[in-house]
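> Please see the structure below; I have some questions.
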Amino acid sequence: MSELGQAASKIGEKIVDILDIFDLSFFISGAVGIGAAMVAFPDTFLPLIGTGPDDETSGAVLFGLVLGSYVIGLVCFSIGRPLRDRLQRIRERLGQTTSSYDVFARALEEHFRGAEDAQSKAAFKRLFGYDVDAGSRAAYVQAYTRMWAHVRSFPELSESFTLLKRYWILAASYDGIATALLLWAFPVWLRLPAEGSPITPILLSAGLVIASLFCMVRAQLYKRYQIEEIVATVAHWLVLVGRPRLLEIDKGDVELQELRRGSTATVPDQPS
């Protein structure tokens, strides 16, 4: 039964890996963008989809819509992420929020600097190349990247890794939706009657901008959750779970060094 369970677990992991390649979060923003294009240009899309009761949508059209929504979702994400980063820097200058570096430093303060076990800080520096007591922004990027590699490398941290991926997917979804919402400004201005009052499209456009800003703020919040969760996970592993593993690594390093010294000492001198 244990072998069957392990086989089923591996099959499930493979399915998850396939879904990770085609990240479903991109389809959400892509569908919002496709919807905006359909409303803006109905004469182009409606004949392809069909509106009558006897009309049938071909498989090629459906495949094109699915593929198009994925591509548009990727484009929306690639635009939304730097827009959110720029908005974050502006908010930092205005003193409305804290930077990701400050969030990381504060998390280290809470989980490592106040720890009674000083060996945890030493182990953290050895594993991630980051001095808890005197870290720089460049070291922050290095440590944060190596933390991701650390969490995904140990099976006992799989649940934390799943949670971190969920936070990343949610942040990516909000980044893409923030851009896709702005695309709806095109049908708002194109399809509303030109002879009508301009107040309606102005109000709708303002609402879309506000909703987009809220999505960016929410995406930044999930990025903060990622930072706090990954620091807490590494701290928990170092203090409670990973200590025996670290001792084994240290023991192996000592034995390897002794073996190297012994092999060097037994090498005869080469004749001149």
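Start counting the sequence shown at 0; every next residue gets the next number (numbering that gives the first Met the number 0). Glycine included, C-beta positions come from ideal geometry on N, C-alpha and C. This one's a predicted model, so the numbers in the text were calculated from it and none came from an experiment.
(1) Using 10 angstroms around the beta-carbon of G353, count the other beta-carbons present and answer buried if the total reaches 16, otherwise exposed.
(2) On the DSSP letters alone, give me the boundaries of the alpha helix (DSSP H) that G272 sits inside.
(3) Buried or exposed: which applies to I176, given that a residue is buried once 16 or more other Cβ atoms fall within 10 Å of its Cβ?
(4) Looking only at its own chain, which residues have a Cβ that is under 7 Å from the Cβ of D84, when we skip the five neighbours before and after it?
(5) Assuming P154 is part of the alpha helix (DSSP H), what are its boundary residues?
(6) Identify the continuous alpha helix (DSSP H) that holds V238 and give its terminal residues.
(7) I'd like the ranges of any beta strand (DSSP E) spanning at least 3 consecutive residues and lying wholly in the stretch 153 to 205.
(8) Round the Cβ separation of A39 and L207 to the nearest angstrom and send it over; I've been treating them as touching at under 8 Å.
(9) What separation, rounded to the nearest whole angstrom, lies between the Cα atoms of V65 and V102?
(10) Can you list, in chain order, the residues of its chain with a C-beta nearer than 8 Å to that of L212? Leave out the 5 residues immediately preceding and following it.
(11) Considering only the alpha carbon of each residue, which of F44, A205, K164, A170 lies closest to G79?
(12) In angstroms, rounded to a whole number, what distance separates the CA positions of P200 and A184?
(13) Is it buried or exposed for I209, if we count other Cβ within 10 angstroms and need 16 for buried?
(14) Measure the alpha-carbon distance for S99 versus T232 and round it to whole angstroms.
According to the structure shown:
(1) Here the chain has residues from 0 to 271 only, and residue 353 is not among them.
(2) It is not possible to answer for residue 272, since the shown part of the chain is limited to 0 through 271.
(3) So I176 counts as buried.
(4) In the same chain as D84, and ignoring 5 residues on each side of it, no C-beta atom comes closer than 7 Å to its own.
(5) Where P154 is concerned, there is no enclosing alpha helix (DSSP H), given that its DSSP letter is neither H nor E.
(6) For V238, no alpha helix (DSSP H) segment is defined, and its DSSP state is neither H nor E.
(7) Complete beta strand (DSSP E) runs here, min 3: none at all.
(8) Their Cβ separation, rounded to whole angstroms, is 13 Å, which puts A39 and L207 out of contact at 8 Å.
(9) Each residue's alpha carbon lies about 38 Å from the other.
(10) Closer than 8 Å at the Cβ level, and outside the excluded window around L212, lie L86, A177.
(11) Considering only alpha carbons, the answer is A170.
(12) Going from the Cα of P200 to the Cα of A184 covers about 8 Å.
(13) Label assigned to I209: exposed.
(14) Using only the alpha carbons, I get a separation of about 17 Å.
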